[in-house]
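First the structure, in the form of structure tokens, and then the observations on it.
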């Protein structure tokens with residue numbers, strides 16, 4: 409059993425003008441599912457599973473909203489970087 | 359905001375029988391036309407908007423639920439159509455499973471907050487297994503409206 413080394417957290421303002429709904433949420437989930445780490449998103453104290461699109465949609469995060477990204481696991485550093493820049497970015501595709 | 363305010367019972371179907379994504383979208387938008395929420399001229403435009411969205415990633419979000427949605431500049435308010443397929447529809451879902459419950463959410467441009475809040479509430483209810491089971495078993499559109507109203511009362515209590 410490996411010792412818990414903590415996790416990485418980062419507060420980010422949602423950059424996407426569309427907010428974090430189905431389409432950008434789907435992209436976020438695609439990225440987070442590639443990680444071996446656990447991924448969570450938190451808004452106003454509500455924490456959801458970052459690998460579930462339905463749970464992410466529940467947050468109704470809009471552009472400019474502050475969300476907390478939490479990545480916990482073996483590739484957490486890579487995860488926080490990739491997911492963090494996606495959240496802050498304006499990718500509308 | 360209440361989801362029930364967006365739903366006309368004429369835009370709810372408890373026995374959708376279609377094959378595949380295109381037919382499902384056609385059926386759902388047809389419900390809005392039938393209920394008088396959109397015009398025949400808007401139907402084609404809306405179907406195109408929804409297909410473009412689906413091409414970028416399925417709105418089949420898992421749990422047997424599909425939430426196709428979009429914004430259309432010629433609409434003046436948010437509307438919601440609901441259809442249940444007892445057999446399930448292949449909708450290219452994220453978890454690969456067929457979709458039994460469809461929520462089609464359409465709104466005008468420029469209401470991002472209300473639109474997102476409505477989507478969030480549909481997502482929250484869809485996660486609730488009991489809610490999904492009751493919706494799938496409903497036998498009339500009125501029953502579906504009642505289930506949503508009760509769930510919403512609980513949410514806002």
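Chains as they are written, first to last, in the working numbering: chain A, 409 to 501; chain B, 359 to 515. From the three backbone atoms N, C-alpha and C, an ideal C-beta is built for every residue, glycine too.
- Per the DSSP secondary-structure output, residue 420 (chain B) pairs in a beta bridge with B:423.
- Beyond the five residues adjoining it in sequence on each side, residue 392 (chain B) comes within less than 8 angstroms, by CB distance, of 368, 369 in the same chain, given in chain order.
- The Cβ neighbour count for residue 465 (chain A), taken over all protein chains shown within 10 Å, is at least 16; the residue is labelled buried.
- For residue 470 (chain B), the nearest beta carbon of chain A is closer than 8 angstroms to its own beta carbon.
- Here residue 426 (chain B) really is in contact with residue 408 (chain B); their C-beta atoms are around 5 angstroms apart, less than 8 angstroms.
- Distance from the CA atom of residue 384 (chain B) to the CA atom of residue 498 (chain B), rounded to whole angstroms, is 21 angstroms.
- Taken in chain order, the unbroken stretches of alpha helix (DSSP H) that lie wholly in the stretch 364-392 of chain B and span 4 residues or more are 378-392.
- Assignment of residue 500 (chain B) by DSSP, reduced to helix, strand and coil, places it in the helix class.
- Minimum Cα-Cα distance from residue 475 (chain A) among the listed residues A:486, A:461, A:423 corresponds to A:423.
- Judged by beta-carbon spacing, residue 494 (chain B) lies beyond the 8 angstroms limit of residue 457 (chain B), meaning their Cβ atoms are not closer than that value.
- In this structure the stretch 414-433 of chain A touches the stretch 467-480 of chain B; the number of beta carbon pairs closer than 8 angstroms is three or more.
- For chain A, the residues of the stretch 472-506 of chain B that bring a beta carbon within less than 7 angstroms of one of its beta carbons are 474, 475, 477, 478, 481, 482, 484, 485, in chain order.
- When secondary structure is reduced to three states using DSSP, residue 420 (chain A) falls in the strand class.
- For residue 407 (chain B), the enclosing alpha helix (DSSP H) has its first and last residue at 398-413.
- With respect to residue 460 (chain A), residue 487 (chain A) sits apart: the two C-beta atoms are not nearer than 8 angstroms.
- In the three-state reduction of the DSSP assignment, residue 497 (chain A) falls in the coil class.
- Within chain B, the residues 419, 420, 452 have their CB atoms less than 8 angstroms from the CB of residue 461 (chain A), given in chain order.
- Taking a beta-carbon distance threshold of 8 angstroms, residue 487 (chain A) does not count as an interface residue toward chain B.
- The beta carbon of residue 445 (chain B) lies closer than 6 angstroms to none in the same chain, with the five residues before and after it left out.
- Residue 438 (chain B) sits close to residue 462 (chain B), with the two beta carbons spaced by under 8 angstroms.
- Bounds of the beta strand (DSSP E) holding residue 450 (chain A) are 446-451.
- Taking a Cβ-Cβ threshold of 8 angstroms, the residues of chain B close to residue 467 (chain A) are 478, in chain order.
- Residue environment analysis places residue 509 (chain B) among the buried positions, since at least 16 neighbouring C-beta atoms fall within 10 angstroms of its C-beta.
- Note on the stretch 438-467 of chain B: there is no whole alpha helix (DSSP H) run with a minimum of 4 residues.
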